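Engineer: Letter by letter, the sequence shown follows residues 21 to 254 of my numbering. For reference, the structure I am asking about is given below.
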Amino acid sequence: MTTIISALQAVKQRIESAALRAGRAPQDIRLLAVSKTFPAEAVREAFSAGQSAFGESYVQEAVGKIAALADLPLEWHFIGPLQSNKTRLVAGHFDWVHSVDRAKIAGRLSSARPAHLPPLQVCLEVNVSGEASKGGVAPQELEALAAHVSTLPRLQLRGLMAIPAATDDAALQRRQFRAVRELLEKLNRKNFRLDTLSMGMSNDLEAAIAEGATIVRVGSAIFGARNSHLKIEP
Ligand SMILES: *Cc1c(COP(=O)(O)O)cnc(C)c1O
Numbered sequence: 021m022t023t024i025i026s027a028l029q030a031v032k033q034r035i036e037s038a039a040l041r042a043g044r045a046p047q048d049i050r051l052l053a054v055s056k057t058f059p060a061e062a063v064r065e066a067f068s069a070g071q072s073a074f075g076e077s078y079v080q081e082a083v084g085k086i087a088a089l090a091d092l093p094l095e096w097h098f099i100g101p102l103q104s105n106k107t108r109l110v111a112g113h114f115d116w117v118h119s120v121d122r123a124k125i126a127g128r129l130s131s132a133r134p135a136h137l138p139p140l141q142v143c144l145e146v147n148v149s150g151e152a153s154k155g156g157v158a159p160q161e162l163e164a165l166a167a168h169v170s171t172l173p174r175l176q177l178r179g180l181m182a183i184p185a186a187t188d189d190a191a192l193q194r195r196q197f198r199a200v201r202e203l204l205e206k207l208n209r210k211n212f213r214l215d216t217l218s219m220g221m222s223n224d225l226e227a228a229i230a231e232g233a234t235i236v237r238v239g240s241a242i243f244g245a246r247n248s249h250l251k252i253e254p
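In structure tokens form, the structure reads like this:
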């Protein structure tokens, strides 16, 4: 059986190799360990191996885990679909949100961000695959949303997140990630000063790193396969 610690080591190796192949510094790519559906003890084990940033997709599950792990100096990233009635919990418990895709949700997060915490670090989720079933702002609407989010006092806009269509075709993976990078570059030419590209998961992190990912979100390659019956939310 692979332990979480050895799996984590293997993922770090993959990140390092992909970075070097792309002529990038491995330390410019952060690993977000996606712990959704896995218990607090799994997070503790990863922390013991040096991992401190964790991603969660289901608000209720995450809030319980964050409380159970309050003794550790962890950084929590919300990466799942966001509903209006959950924004207060997310604004109160997380350091980052990667999945902001509309103005209304952004406004609620800003209003609900507690005064004693630093601004919530935010990525806009962009839908580059055009799949209607997926979340994310359409590329044509991205700049307007970015301009709006930039005015919100308790949010700090950091960059873009994407979940491209799943495919084993490496060339197609690259094209989709490249589209995200080009959207970020376009915003930066308009002085947005964004520094974060959150893209790449267990199956496609190499392609994402080749196209400039600065955060890869990796779940199953670290913690093992998820049981779909555990997905009780949203
Ligand atoms: C679950 C999830 C991941 C991790 O996916 P793996 O394939 O298990 O690495 C990454 N990003 C988001 C948004 C997710 O929901």
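No residue lacks a Cβ here, since even glycine has one placed at the ideal position from N, Cα and C. Because the structure is a prediction, the values reported are computed rather than measured.
1) With distance defined between alpha-carbon atoms, name the residue in Gly100, Thr107 and Lys56 nearest to Ile86.
2) From the DSSP output, read off the bridge partner residues of Ser218.
3) Quick check on DSSP: helix, strand or coil for Ala42?
4) Classify Gln103 as helix, strand or coil using the three-state DSSP reduction.
5) Note down, in chain order, each residue of its chain lying with its Cβ closer than 7 Å to the Cβ of Ala241, except the 5 sequence neighbours on either side.
6) At what residues does the beta strand (DSSP E) containing Arg50 begin and finish?
7) Under 7 Å Cβ to Cβ from Thr107, same chain only, skipping five residues before and after it: list those, please.
8) Would you kindly work out how many angstroms separate the C-alpha atoms of Glu226 and Arg34, rounded to a whole number?
9) Which of the three DSSP states is assigned to Phe197 in this structure?
10) For Pro93, which residues of its own chain have a beta-carbon under 6 Å away from its beta-carbon, when the five flanking residues on both sides are left out?
11) DSSP beta-bridge partners for Ala73?
12) In terms of DSSP beta bridges, what is Gln141 paired with?
13) Pull up the distance between the alpha-carbon of His168 and that of Thr22, whole angstroms please.
14) As a quick exercise: from Asp91, Gly150 and Lys154, pick the residue whose alpha carbon is nearest that of Val120.
Structural biologist: The structure says:
1) On the sequence shown, position 66 is the one that residue 86 refers to. Comparing Cα-Cα distances from Ile86 to each of Gly100, Thr107 and Lys56, the minimum goes to Lys56.
2) Numbered from 1 along the sequence shown, position 198 holds the residue referred to as residue 218. Residue pairing by DSSP puts Ser218 in a beta bridge opposite Met181 and Ile235.
3) Along the sequence shown, one-based indexing puts residue 42 at 22. Note: Ala42 maps to coil in three-state DSSP.
4) Reading the sequence shown from its first residue, position 83 is the one you call residue 103. Correct three-state label for Gln103: coil.
5) Position 221 of the sequence shown, counted from the start, is the residue given in the question as residue 241. Same-chain partners within the cutoff: Ala27, Val31 and Ser222.
6) Here residue 50 refers to the residue found at position 30 when the sequence shown is read from its first residue. Counting along the chain, the unbroken beta strand (DSSP E) around Arg50 starts and ends at Arg50 to Val54.
7) Reading the sequence shown from its first residue, position 87 is the one you call residue 107. For Thr107, where only same-chain residues beyond five positions count, the Cβ hits under 7 Å are Ile125, Arg128, Leu129 and Ala132.
8) In the sequence shown, residue 226 corresponds to position 206, counting from 1. In the sequence shown, residue 34 corresponds to position 14, counting from 1. Approximately 7 Å between the Cα atoms of the pair.
9) Sequence index remark: in the sequence shown, residue 197 carries index 177 (1-based). Three-state DSSP puts Phe197 in a helix.
10) To locate residue 93, count along the sequence shown from 1; it is residue 73. Hits under 6 Å: none found.
11) As a first step, residue 73 must be located in the sequence shown, where it is residue number 53. For Ala73, which the question treats as bridged, DSSP gives the partners Glu95.
12) Position 121 of the sequence shown, counted from the first residue, corresponds to residue 141. The partner list for Gln141 (beta bridge, DSSP) reads Trp116 and Gln176.
13) The residue you call residue 168 lines up with position 148 of the sequence shown. The residue you call residue 22 lines up with position 2 of the sequence shown. When rounded, the distance between both Cα atoms is 45 Å.
14) Sequence index remark: in the sequence shown, residue 120 carries index 100 (1-based). Measuring from the Cα of Val120, the nearest candidate turns out to be Lys154.
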